[in-house]
Amino acid sequence: MKSDNRLALLNRVIFILSLAGILMAAYVLQGWLRHSSILCLTGGGCTLVQKNHLSYPFGIPVPSIGLVGYTILTILAFLRTTSNNKNLLKGILGMATFGICFVTWFTYTEIFLIKGICMWCAISAVNMFVIFGLTIASLRLQKNTV
Amino acid sequence: MKLTSESKILLAIVGITILVIAIAAVVLTKPAPTLTKADLVTKTAYTRGNPQAKAYLVEFSDFQCPACLAMKPTVDAVVKANENKLLFVYRNFPLDQHPFSHQSASAAEAAGRQGKYWEMYDLLFANQDKFSDALFPQLADQLKLDKTKFTVDMNDPAIANKIQDDITAGNQFGVDATPTFFLNGKKLTINSYDDLKTAVAQAVNQ
Numbered sequence: 031m032k033s034d035n036r037l038a039l040l041n042r043v044i045f046i047l048s049l050a051g052i053l054m055a056a057y058v059l060q061g062w063l064r065h066s067s068i069l070c071l072t073g074g075g076c077t078l079v080q081k082n083h084l085s086y087p088f089g090i091p092v093p094s095i096g097l098v099g100y101t102i103l104t105i106l107a108f109l110r111t112t113s114n115n116k117n118l119l120k121g122i123l124g125m126a127t128f129g130i131c132f133v134t135w136f137t138y139t140e141i142f143l144i145k146g147i148c149m150w151c152a153i154s155a156v157n158m159f160v161i162f163g164l165t166i167a168s169l170r171l172q173k174n175t176v
Numbered sequence: 007m008k009l010t011s012e013s014k015i016l017l018a019i020v021g022i023t024i025l026v027i028a029i030a031a032v033v034l035t036k037p038a039p040t041l042t043k044a045d046l047v048t049k050t051a052y053t054r055g056n057p058q059a060k061a062y063l064v065e066f067s068d069f070q071c072p073a074c075l076a077m078k079p080t081v082d083a084v085v086k087a088n089e090n091k092l093l094f095v096y097r098n099f100p101l102d103q104h105p106f107s108h109q110s111a112s113a114a115e116a117a118g119r120q121g122k123y124w125e126m127y128d129l130l131f132a133n134q135d136k137f138s139d140a141l142f143p144q145l146a147d148q149l150k151l152d153k154t155k156f157t158v159d160m161n162d163p164a165i166a167n168k169i170q171d172d173i174t175a176g177n178q179f180g181v182d183a184t185p186t187f188f189l190n191g192k193k194l195t196i197n198s199y200d201d202l203k204t205a206v207a208q209a210v211n212q
């Protein structure tokens with residue numbers, strides 16, 4: 031019972047962080063698409079990243095990839111509250127694994143190729159690693175409850 | 007689909023989030039007011055171009071900001087091409103995450119007291135990647151400034167206050183990144199270097 035509560039709590043945190051990810055990605059994406067300035071506490075880093083072609087892999091703006099990823103995570107986390115299907119957590123793990131690979135690649139690109147840091151991308155990268163960590167913790171907890 | 011109590015909590019979180027976004031959208035999409043020339047062009051700010059020109063371009067910038075450096079050739083070209091029809095004003099907006107941003111702003115102001123503000127402005131941007139405590143006196147030497155006076159002025163609280171006044175004004179005017187430009191009192195949205203050229207060309211030909 032205790033484990034179930036902890037699993038539910040972890041899932042709730044994953045849900046909230048994924049929702050926060052959606053908000054961040056949507057905010058940055060609207061700034062990029064409308065070519066309007068966004069709040070940036072890392073100097074001109076956000077503008078440098080926005081204007082660099084490396085921020086558009088296959089022509090897709092990076093925040094839109096984040097938006098899709100976080101939306102999938104949010105939906106999966108929600109579905110876990112309506113179903114006991116254990117594959118949902120594996121789905122979250124798969125998405126979070128892709129997420130951390132993606133943010134690692136993009137952070138490397140920002141630092142070493144673009145030479146500018148976008149504050150929102152950095153926060154999103156940390157957010158994705160936390161979601162990944164919580165997902166691993168949930169998987170361990172789920173195994174122990176079986 | 008059967009909603010559990012946890013599902014309802016998550017849906018409530020989504021609902022609250024949407025409400026907060028809606029309120030924020032209403033507040034944030036209010037059009038920015040047009041600022042007056044007196045707000046933006048202070049008596050102590052360093053200017054280039056024609057002081058009598060109707061069109062005025064104000065840049066809030068940081069000498070250690072890479073985007074400001076990237077924008078500088080365009081700013082220089084715009085100011086030079088419109089020197090009789092445009093007043094250009096540089097205002098300090100040093101960002102805390104840049105370790106030498108305040109010092110470099112002070113160096114420019116200190117050089118300005120010896121009549122070489124714009125020369126130091128060019129030198130600072132040209133040496134942005136080499137900023138160090140030792141560099142600023144070297145730049146003063148390069149400009150043949152009185153180095154003792156330069157060093158004293160760099161640490162003058164009056165200069166620190168002037169820079170702080172610029173930061174306070176920038177915060178009031180909604181400056182949230184550098185460089186931020188105001189053309190005839192209106193904040194510009196710059197998506198490409200050409201946007202600045204186009205906006206200034208329109209303003210000077212009005």
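Residue numbers (our numbering), protein chains in the order written: chain A, 31 to 176; chain B, 7 to 212.
Every residue, glycine too, gets a C-beta built ideally from N, C-alpha and C.
Membership of F94 (chain B) in the beta strand (DSSP E) is indicated by the continuous run 92–98. Check the Cα spacing between A18 (chain B) and each of A:L37, A:L40, A:L49: the tightest is with A:L49. Closest option to C151 (chain A), judged by alpha-carbon separation, among A:F45, A:L37, A:G51: A:G51.
By a beta-carbon distance limit of 8 Å, L143 (chain A) does not contact I122 (chain A). Their separation comes to about 30 Å. For P72 (chain B), at least one C-beta of chain A is nearer than 9 Å to its own C-beta.
Around the C-beta of H108 (chain B), 16 or more other C-beta atoms lie within 10 Å, and the residue is accordingly described as buried. When A:V156, A:F88, A:D34 are compared, the shortest CA-CA separation from L47 (chain A) is found for A:V156. Between A116 (chain B) and A146 (chain B), the gap from beta carbon to beta carbon is short of 9 Å. Checking the DSSP bridge columns, you'll see S67 (chain B) partnered with B:N98.
Excluding five sequence positions before and after V133 (chain A), the CB atoms of its chain that fall closer than 8 Å to its own CB belong to C151, S154, A155, M158, F159, given in chain order. Between I169 (chain B) and P100 (chain B) a beta carbon distance of about 7 Å is seen, short of the 8 Å cut, so the two are scored as contacting.
DSSP places L40 (chain A) inside the alpha helix (DSSP H), whose first and last residues are 32–64.
Using a Cβ-Cβ cut-off of 7 Å, I46 (chain A) is close to I19 of chain B, given in chain order. Secondary structure of R54 (chain B) (DSSP, three-state): strand.
Here A126 (chain A) is not bridged, per DSSP, to any residue. Using beta-carbon distances, C151 (chain A) does not count as an interface residue toward chain B, since no partner is under 9 Å. DSSP places F188 (chain B) in the uninterrupted beta strand (DSSP E) bounded by 186–189.
If you ignore the 5 residues before and after L9 (chain B), its C-beta comes within less than 8 Å of the C-beta of L17, all in its own chain and listed in chain order.
Residues of the same chain with a CB within less than 7 Å of the CB of I165 (chain B), apart from the 5 flanking positions on each side, are S112, E115, A116, D159 in chain order. Against T111 (chain A), the close residues of chain B are T10, E12, S13, L16, in the order they occur along the chain (beta-carbon pairs closer than 7 Å). The way I'd put it, the segment 80–99 of chain B does touch the segment 187–207 of chain B; three or more beta-carbon pairs between them come closer than 8 Å. Taking a beta-carbon distance threshold of 9 Å, R36 (chain A) does not count as an interface residue toward chain B. Counting the other CB atoms within 10 Å of its CB gives Q58 (chain B) a total below 16, which places it among the exposed residues. Note that the C-beta distance between F45 (chain A) and A126 (chain A) is not below 9 Å. The three-state reading of DSSP puts Y62 (chain B) in strand, counting E and B together.
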